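Asker: These protein sequence lines are chains A and B, in that order. Counting from 1, one number per residue, gives the positions in the first sequence under this note's numbering. Counting from 228, one number per residue, gives the positions in the second sequence under this note's numbering.
There are 2 protein chains.
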Amino acid sequence: MTFSTKLEAAWSRTGSMLMVGLDPDITRFPAELQHRPHAIFEFCREIVDATAAYACGIKPQIAYFASQAAEEQLQALCDYVREQYPWLPIVLDSKRGDIGSTASHYAAEAFDRYKADAVTVNPYMGFDSVEPYLDWQDRGVIVLCRTSNAGGSDLQFLKMEDGTPLYLHVADLVANKWNRNGQCSLVVGATFTDEVAAVRERVGDMPLLVPGIGAQGEILLQRWLRA
Amino acid sequence: MTFSTKLEAAWSRTGSMLMVGLDPDITRFPAELQHRPHAIFEFCREIVDATAAYACGIKPQIAYFASQAAEEQLQALCDYVREQYPWLPIVLDSKRGDIGSTASHYAAEAFDRYKADAVTVNPYMGFDSVEPYLDWQDRGVIVLCRTSNAGGSDLQFLKMEDGTPLYLHVADLVANKWNRNGQCSLVVGATFTDEVAAVRERVGDMPLLVPGIGAQGEILLQRWLRA
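1. List the residues of chain A that L395 (chain B) touches, going by C-beta distances under 9 Å, in chain order.
2. Along chain A, which residues have their Cβ under 7 Å away from the Cβ of E422 (chain B)?
3. E235 (chain B) to Q410 (chain B), Cα distance in whole Å?
4. Pairs of beta-carbons, one from the segment 256-269 of chain B and one from the segment 101-121 of chain A, closer than 8 Å: are there three or more?
5. Sorted by chain position, which residues of the same chain lie with C-beta nearer than 8 Å to V199 (chain A)'s C-beta, five sequence neighbours on each side aside?
6. Taking the alpha carbon of S331 (chain B) as the reference point, which residue from B:E358, B:D306, B:M228 and B:L319 has its own alpha carbon closest?
7. For D194 (chain A), report the span of its alpha helix (DSSP H) as first-last.
8. Since R139 (chain A) and F111 (chain A) should fall inside the 8 Å C-beta cutoff, what is the C-beta to C-beta distance between them, to a whole number of angstroms?
9. Verify whether the separation of the beta carbon atoms of A343 (chain B) and L319 (chain B) is less than 7 Å.
10. May I have a chain-ordered list of the alpha helix (DSSP H) segments no shorter than 4 residues that lie completely inside the segment 109-146 of chain A?
11. Can you look up C184 (chain A) in the DSSP assignment and give me helix, strand or coil?
12. Determine the contact status of K59 (chain A) and G324 (chain B), defining contact as a CB-CB distance below 7 Å.
13. Would P316 (chain B) pass as a contact of A258 (chain B) if the rule is Cβ separation under 7 Å?
14. Who are the neighbours of Q61 (chain A) on chain E, taking C-beta pairs under 9 Å?
15. Any residues in the segment 388-420 of chain B with a beta carbon nearer than 8 Å to a beta carbon of chain A? Which ones, in chain order?
16. Let me know if T191 (chain A) comes out buried or exposed under the rule of 16 or more other beta-carbons within 10 Å of its beta-carbon.
17. State the Cα-Cα distance for the pair P313 (chain B) and T102 (chain A), rounded to the nearest angstrom.
18. At the level of alpha carbons, what is the spacing between Y29 (chain A) and L301 (chain B)?
19. In the DSSP assignment, the beta strand (DSSP E) including R96 (chain A) goes from what residue to what residue?
20. Within the same chain, show all residues whose beta-carbon is closer than 6 Å to that of K159 (chain A), passing over the 5 residues directly before and after it, in chain order.
21. From the DSSP output, in three-state form, read off Q61 (chain A) for me.
22. So, under 8 Å CB-CB, R149 (chain A) and D355 (chain B) are touching, yes? Tell me the CB distance rounded to an integer number of Å.
23. Taking the alpha carbon of A53 (chain A) as the reference point, which residue from A:D162, A:E83, A:Q61 and A:L18 has its own alpha carbon closest?
24. Name the DSSP beta bridge partners of P392 (chain B), please?
25. If you count every other CB in all the chains shown that lies within 10 Å of the CB of G390 (chain B), and 16 or more means buried, which is it?
26. Can you tell me whether G152 (chain A) is buried or exposed? The criterion is at least 16 other CB atoms within 10 Å of its CB, across all chains shown.
27. Let me make sure I understand the geometry here. Which of A:R82, A:V20, A:V141 and A:C56 has the alpha-carbon closest to that of A107 (chain A)?
28. Taking K95 (chain A) as the query, report the chain B residues whose CB atoms sit under 7 Å from its CB, ordered along the chain.
29. Start and end of the alpha helix (DSSP H) containing L77 (chain A)?
30. Locate the alpha helix (DSSP H) running through V20 (chain A), then write down its first and last residues.
The following block contains the structure:
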C-alpha cells in the first residue's frame, strides 16, 4: 500500500480531510504532566486517541521532540499509531533539505527509523535534495510550496522573469518533473487562500497539505482541498 | 564570546580557514568499527583529534546521527570537542527551516541541547523562520545561499523580475535585513566559483561557509573566503 492509497482509504473511512498536527510544546503542558518521564508521548497519545476517528492522518512535528532529546518518545508514538490505528497515515513534519548523500540519511530517519508514511521536505536545494526520498516509492514526499507563515512571502512570493511567483514555479517543478512516481504532494498554507486556488489550478488533483487552520486562525474552504 | 569572535580567534590560532565536516556514514566504516556501540562517536573523535590543529571549526552533519538513532553520540561528540578543544567552534549542520514557534525548538535543539556555536538554516520560509535563531545573539546563523550540489540551480539560479538570481536576493536579504546582530553567515558552494565571487562582492567581509572542496572535488581559492 502506498501513501496515496492509504490516504485515500483514510479519507473514505472517516469522511475527513483533517490532518491532525502534533506540535507538543512541553512548556505549555499542564504542570502535573510536565514532569512525567514520557510526558510528550502521553500528551500526543491522548490527542491521537481523541481525534483518530475524525482524521485522515497524524502529523508530528519533530522539532518539539528534538529540543527535548525525546526521539524515543517520537518512535514510541509512531509505533503506537501504527499498532492502534494501522489505517491512519503518519506524516513526519521535519521539512528536511540537504544534498543527495545526506538526504538519503534524512530519508532513512523518516521512513526507516520512524516508519512514517510521508515526510515534508524543503525545495530550496533543488531536485537532487528531494530525489533520495523518491526512491522510497511507497512513501509520500510533501514539498513546501507556499507556507502559511507571514515570512513565507520573503522568497516564495518573489516574481521570476516571466512574472511567475517562486511558489508557483515550485508547484510546476514538482507536478511536472519531480513527481515521476506519483508520490508527491505540496504544502500550501490556508492563510493565503488565493494562492491555494492558484496552486490547485496547476497541479490537478495532487493532494495538498494545507496548514494554518488552527493556531494561525484561518478558515479553510473544503473545495480547495481537492479539485 | 560570540561565534564571530570565537571563529576569528580560531583563524588566528591555527592560521587555517578549514571547517572540518563530519558526515559519518556508518555503512562506509571499517568492518571492525561498524559494530562497536559508539562507532560514530569514535570515528568522529579520531577525525577531530587528527584535524583540530589545522582547522577553524568542526561541522557535524546531524542527518548521519539521526538515521542511526545516535543523537546521544552527537551530544557526546559536541561535549568532547568543547572539553578538549574549547577554542574550536562547533557548527551544527542541520539546515533547519520552519515557522517561528517550531524554529524556536530547532534553535533550542542546536544551541541548548548540542550547545553548538552556530547552525545552518534554510531561507525558503523567510525571515520569521530565521528570527528565533537570532535571539541567541552569541551564536552564529549560517543561511543557505548558493549550495554546492548540482540541483542547487533549480531554484537558486532562477532570475527575478529585475534580473537578480534568487541566491543573490537571499544574500542581500541576509546582509541588509536579517543580520541585525552581526551574527549571520552564508553558505556558498565552492563548486560555483563565479557565484562565490558575486556573493562576496555584495556582503562585505561576512564569513562564508564554502562547502564542496572535499568529496565534491573542487578547489577553493582562498581569496574568496575573505574580501
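C-beta atoms are modelled at their ideal positions from N, C-alpha and C, and glycine is treated no differently. For clarity, every value in this text was computed on a predicted model and none was experimentally measured.
Answerer: In short, the structure shows the following:
1. Ordered by position in chain A, no residue passes the 9 Å Cβ test against L395 (chain B), which lies about 12 Å from the chain.
2. Going along chain A, no residue has its Cβ under 7 Å from E422 (chain B), so there is no contact; the nearest lies around 14 Å.
3. 13 Å
4. no
5. C145, R146, Y167, L168, A171, L186, V188 and L208
6. B:E358
7. T193 to V203
8. 5 Å
9. yes
10. 131-134
11. strand
12. no
13. no
14. Protein chains in the displayed structure are A and B, and chain E is not among them.
15. E388, G390, L393, H396, V397 and L400
16. buried
17. 28 Å
18. Correcting the residue type first, residue 29 (chain A) is Phe in the shown sequence and not Tyr. Cα to Cα, F29 (chain A) sits roughly 28 Å from L301 (chain B).
19. V91 to R96
20. P165
21. strand
22. Here residue 149 (chain A) turns out to be Asn, not Arg, going by the sequence shown. Going by Cβ atoms, the distance from N149 (chain A) to D355 (chain B) rounds to 5 Å, so yes, they are a contact pair.
23. A:L18
24. B:K386
25. exposed
26. buried
27. A:V141
28. G324 and D325
29. E71 to Q84
30. Counting along the chain, V20 (chain A) falls outside any alpha helix (DSSP H), though it belongs to the beta strand (DSSP E) covering M19 to L22.
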